[in-house]
Each structure stands twice: as C-alpha cells, then as structure tokens.
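Asks: Take this structure, written in structure tokens, and hold onto it; I'll ask about it next.
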Amino acid sequence: MSIMLILLNVELRRRFMKNDWKRKWCGLYGLLMIFSCAGAPAVNVPPAKMASRQAIVVKTAGWNASEAVLQAYERESEYSSWVAVGRKIPVVAGRNGMGWGDGLHQAGDAKSGPVKREGDGRAPAGIFRLGSAFGYDRAEMTSWIRIPYKQMTAAHRCVNDVHSIYYNRIVDAGQVRPDWSSSEEMLRRDNLYHLGIVVDHNVDPVASGRGSCIFLHVWEGPARGTSGCTAMDKEDLELLLLWLLPEAGPVLVQLPEAEYAKIRDVWGLP
C-alpha cells in the first residue's frame, strides 16, 4: 500500500470519529477509488439510500403477480449485516402487480419492467421511506406505535385527482378548499384503513399522474390484490407497527424476485 493511501485511510478514520464523514466522504472516496484502480483494496460502503436500520422487503414472483411475501430485517448500523426479524408474512400487492415508482432509488435504476402510473392497479417498485402511520383509533390509544400517528376522521381524504393541488396528499376536507373530483375516504366502512402506514412514494417532488395514496394496510384477503397498495392481515400489520422505530429510518423495499436478485448487491439490500 502506498504512503498516500495510508495517509488517506488515517484521515478517513479521523473524520469518521468526528462524525463529519458524510459531508466529506465523496471526495475521499473518489481519491480512494483512484488508488484502488492501481491495485489497492476498495472501500465497501452501502449506498446512502440504504442507510436505514430497518427494512421491510416485499417480493413477488414477477411484475404482474399480486401475491407476495414480506420479510422484515434490521441491523445495528448502516455498516452491519442485515438480520431477518420474525417470520415471512403473506401479503398482496397491486392487482396488476408492480411498476417502478418514485422513491429513494434513482430513475436510472429502472432497467426493465413497467412504470407506475395513476390508476394502473400496480404497487410501486423500488425503495421508499416509511414515515408515518394512521388509523381509526385516537392517538392516546396507540401509544404502542412509535412512528408518528394520525387519527383519520370522516373528513379525511387522500386526493388522487391528478389536477388537484392536493394530489397524493391526505387532507382534512373541512380545513381546505376542495379542488378535486376524486379522492379516497380515509375512514372506510370496510375497515381496510383501520391501521395503515404511509409509503413515501412520489413525494419529493410530487409528479402528477405517477401514482398516489400508497399505503401498507389491512387486506380483504390473501387472494385479493389492491389498487396499488400492499396489504396484509391486521395482526401482521400490528406487529410491524410495534417494531418500527422512527430513529431507524425504516424503508419499504418492493421488487419482483428476479429484479431483486439482480440489484441486491448494488443497492445493499438484505
């Protein structure tokens, strides 16, 4: 190993200890990669998009399959190995399968497969933050849920009208001026939204027509695909909500099995 590479490694460790490595890593990593081309070992760093310590992984048999399997994973730090948590859970995705959505992954990651569109009956494929929960119970009754929680009422709507300024947002219709022609009632009579987790799909920025109102929620049954969400038995959803920690930066990873296998190492997936 050259003197320059040794000095770079020493500097990297020093900045690592000062916790300012994230701001300065790119420059150092670029230099290290230059030297690695000359024969020095490269540094294996997980992608920034997988800095999470909790991941919910959903895989289907193919792009058009609706039946899926969910497995939760966790790790001590973003540099630790993933460890499976609990059993595999049967879930259902969109009735027409999956299509590439907008999340933490880059647009260039979508090498093949359909693209998620409004009303296509596909669940979004990719990596997505899980930021908040919702349900019918009052907040004081859900203290066991540690990610942010909001109670839904008869006034709450999730707007799926592509022409609305509130597209892909949950709003209280009594607190805003409605400009939409279509939306989802969040206090449903069928109790599918009795508990749910908001999937941060198409949020930064919101693109009209790229899909809206994507959740993890209670299913109608193991053979009934959704309009674009991922659904499961209520008890299984409760277990996931009990496990999720906001400080762990939880994410949802959804992909067909073959696509998952191709990009697992690239994305640093479990």
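For the sequence shown, full-length UniProt numbering assigns the number 1 to the initial residue and increments by one for each residue that follows. No residue lacks a Cβ here, since even glycine has one placed at the ideal position from N, Cα and C. Owing to the predicted nature of the structure, the values given are computational and were not obtained by experimental measurement.
1. Report the option in Met232, Glu238, Gln175, Gly249 whose CA atom is closest to the CA atom of Ala93.
2. Go through the region 40-121 residue by residue and report every complete run of the beta strand (DSSP E) that reaches 3 residues or more, in order.
3. By the DSSP assignment, the beta strand (DSSP E) with Glu185 in it spans what residues?
4. Look at the alpha carbon of Ser52 and the alpha carbon of Trp243, and state the distance between them as a whole number of angstroms.
5. Ala258 to Val176, Cα distance in whole Å?
6. Below 7 Å CB to CB, which residues in the same chain sit around Arg129 once its five sequence neighbours on both sides are set aside?
7. Measure the C-alpha to C-alpha separation of Met98 and Gly225 and round it to an integer number of angstroms.
8. Can you confirm whether the region 191-200 touches the region 126-141 when touching is taken to mean that 3 or more C-beta pairs between the two stretches lie within less than 8 Å?
9. Ignore the nearest five residues each way along the sequence and tell me which others in Asn191's own chain have a CB closer than 8 Å to its CB.
10. Going by DSSP, what residues sit across from Met232 in a beta bridge?
11. Have a look at Tyr193, Arg157, His194 and flag the residue whose alpha-carbon is nearest the alpha-carbon of Pro178.
12. In angstroms, rounded to a whole number, what distance separates the CA positions of Arg117 and Asp172?
13. Helix, strand or coil for Tyr166, going by three-state DSSP, please let me know.
14. Express the C-alpha separation of Val69 and Arg87 in angstroms, rounding to a whole number.
15. Assess contact between the region 112-126 and the region 179-190, defined as three or more Cβ pairs (one per stretch) separated by less than 8 Å. Is contact present?
16. Taking DSSP's pairing of strands, which residues face Tyr149 in a bridge?
17. Kindly identify the DSSP beta-bridge partner or partners of Asp172.
18. Output the distance between the C-alpha atoms of Glu101 and Gly126, rounded to the nearest integer angstrom.
19. Does any residue of chain B have a CB that is nearer than 8 Å to the CB of Glu235?
20. Would you decide whether Met124 is buried or exposed? Buried here means 16 or more other CB atoms lie within 10 Å of its CB.
21. Please check the pair Gly121 and Arg95, which I expect to be a contact at CB under 8 Å, by giving their CB distance rounded to whole angstroms.
22. Do you know whose CA, among Val206, Gln254, Ala155, Leu195, lies nearest Gly228's CA?
23. From what residue to what residue does the alpha helix (DSSP H) around Val266 run?
Replies: The structure says:
1. Comparing Cα positions, the closest option is Met232.
2. Counting only runs of at least 3 residues, the region 40-121 fully encloses the following beta strand (DSSP E) elements, listed from N- to C-terminal order: 54-60, 67-74, 83-92, 98-100.
3. Element bounds for Glu185: 183-185.
4. CA-CA distance, Ser52 to Trp243, rounds to 14 Å.
5. Distance between the alpha carbons of Ala258 and Val176 is about 44 Å.
6. Result list for Arg129: Leu104, Asp200, Val251, in chain order.
7. Each residue's alpha carbon lies about 11 Å from the other.
8. Three or more Cβ pairs closer than 8 Å define a contact, and the region 126-141 meets that threshold against the region 191-200.
9. Apart from sequence neighbours up to five positions away, the residues of its chain that approach Asn191 with a beta-carbon distance below 8 Å are Tyr136, Val218, ordered along the chain.
10. Its beta-bridge partners are Val218.
11. For Pro178, the nearest C-alpha among the options comes from Arg157.
12. Near 25 Å, if we compare the C-alpha coordinates of Asp172 and Arg117.
13. Judged by DSSP in its simplified three-state form, Tyr166 adopts coil rather than helix or strand.
14. Answer to the nearest angstrom: the Cα atoms are 10 Å apart.
15. As far as the Cβ criterion goes, the region 112-126 does not touch the region 179-190, which means the pair count is below three.
16. According to DSSP, which records beta bridges pairwise, Tyr149 is partnered with Ala133.
17. Per the DSSP secondary-structure output, Asp172 pairs in a beta bridge with His156.
18. The sequence shown places Gly at residue 101, rather than the Glu named in the question. Gly101 and Gly126: Cα-Cα distance of roughly 6 Å.
19. Considering every chain present, this structure includes no chain B. It has just one protein chain.
20. First, the residue type needs correcting, since residue 124 is Pro and not Met in the sequence shown. Under the 10 Å beta carbon count, Pro124 is surrounded by 16 or more other beta carbons and is classified as buried.
21. With a Cβ gap of about 5 Å, Gly121 and Arg95 count as contacting.
22. When C-alpha distances from Gly228 are compared across Val206, Gln254, Ala155, Leu195, the shortest belongs to Gln254.
23. From DSSP, the alpha helix (DSSP H) with Val266 extends over 257-267.
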